[in-house]
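>
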Amino acid sequence: MPDTSPIAIVLAAGKGTRMESDLPKVLHKAAGKTLLDWVLDALQDAGCRDQIVVIGYGADRVRTSIGERAGIQFAVQQKQQGTG
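In this note's numbering, the protein residues as written are 4 to 87.
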């Protein structure tokens with residue numbers, strides 16, 4: 004039987020200029036976890052085993068934050084153009 008579990012693409016390349024911080028936007032914390040951890044945990048809970056995380060600004064810090072989570076692949080956004 005073929006694997007039909009969904010694959011998620013998580014947009015995590017933004018700088019977060021309006022946050023007035025050098026920390027990548029997705030690494031800010033809410034209720035003790037990074038914003039990115041909240042998203043990745045929710046995807047895992049929803050049965051999404053594979054996620055592609057698009058990284059850009061602070062890519063090394065984002066990779067380090069994610070650590071060795073299973074099912075994570077990275078796509079690097081070389082030029083910051085936003086999503087609009």
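Ideal Cβ positions, reconstructed from N, Cα and C, are used throughout, including at glycine.
Between the alpha carbons of D63 and F77, how many angstroms are there, rounded?
If you draw a straight line from the Cα of D63 to the Cα of F77, it is about 11 angstroms long.
> DSSP state of D53, grouped into three classes?
strand
> What's the C-alpha gap between L39 and A16?
11 angstroms
> Check whether the stretch 63 to 75 touches the stretch 18 to 25, taking contact to mean three or more Cβ pairs, one atom from each stretch, closer than 8 angstroms.
no
> For the candidate residues V79, R72, I69 and Y60, whose alpha-carbon lies nearest to that of K18?
If you compare the alpha carbons of V79, R72, I69 and Y60 with that of K18, the shortest gap goes to Y60.
> With distances taken between CB atoms, is the gap from G13 to Q47 smaller than 9 angstroms?
This sequence places Val at residue 13; Gly is not what is there. The answer is no: Cβ separation not under 9 angstroms.
> By the DSSP assignment, the beta strand (DSSP E) with V13 in it spans what residues?
I10 to A15
> For A78, report the span of its beta strand (DSSP E) as first-last.
I75 to V79
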